[in-house]
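>
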Amino acid sequence: MPRQLIIEADGGSRGNPGIAAGGAVVIDGESQQVLATVGVYVGVATNNVAEYNGLLAGLIRAYEIDPGALVHVRMDSKLVVEQMSGRWKIKHPDMAHLAAQAREVIGNKAVTYEWVPRLQNALADAAANKSMDLRESFQA
């Protein structure tokens, strides 16, 4: 049975647009242990672009940890969850480009998406905020 990895991803923008970053944590599905934390500094962007950057960083890191993993994504962005699930269209060019990058990282693997309340996404939110504070990307 393939290993399950859970990605909790988030993005934030101080101003919309404003200083923006995405954040993600990769969690082992069995032990619930945090395996990696990633922050990706975006510069000046909208919140939604930052959310997509958090997702993309989480996907890349998860597949670095285990290329054959079953991946489940949890996000508090209803927009990104619905767009990546194929239920809503992606009209914004920057978001469409980031979604295409995410699909390229995923390839032919199955990824599931789940919307969660903001309070259940605190680790990813903290990673995004740390990246905004530092004004640089990081991995831990």
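FYI, in my numbering the residues of the sequence shown are 1468 to 1607. Beta carbons: idealized from backbone N, C-alpha and C, even for Gly.
Mind listing, in chain order, the continuous beta strand (DSSP E) runs of no fewer than 3 residues lying wholly within the region 1507-1552?
Segments of the beta strand (DSSP E) lying fully in the region 1507-1552: 1537-1542.
> Could you have a look at residue 1581 and say whether DSSP puts it in helix, strand or coil?
Position 114 of the sequence shown holds residue 1581. Strand.
> Taking residue 1593 as part of the beta strand (DSSP E), name the residues at either end of that continuous run.
Residue 1593 sits at position 126 when you count from the first residue of the sequence shown. Taken as a continuous stretch (DSSP letters only), residue 1593 belongs to no beta strand (DSSP E), being part of the alpha helix (DSSP H) at 1589-1601.
> Could you name the residues that DSSP lists as bridge partners for residue 1505?
In the sequence shown, counting from the first residue as 1, residue 1505 sits at position 38. In DSSP, residue 1505 forms a bridge with 1491 and 1606.
> Exposed or buried, residue 1509, counting other C-beta atoms within 10 Å across all chains shown (16 or more means buried)?
Stepping through the sequence shown from its first residue, residue 1509 is reached at position 42. Burial call: buried.
> Measuring alpha carbon to alpha carbon, tell me which residue in 1544, 1557 and 1498 is nearest residue 1587.
As a position in the sequence shown, residue 1587 is number 120, starting the count at 1. Nearest of 1544, 1557 and 1498 to residue 1587, Cα basis: 1544.
> Which stretch, first to last residue, makes up the alpha helix (DSSP H) that contains residue 1481?
Taking the first residue of the sequence shown as position 1, residue 1481 is located at position 14. Careful: residue 1481 lies outside any alpha helix (DSSP H), inside the beta strand (DSSP E) at 1471-1482.
> Hey, is the region 1545-1560 in contact with the region 1590-1606, meaning 3+ C-beta pairs nearer than 8 Å?
Touching, no, given that fewer than three Cβ pairs across the two stretches are closer than 8 Å.
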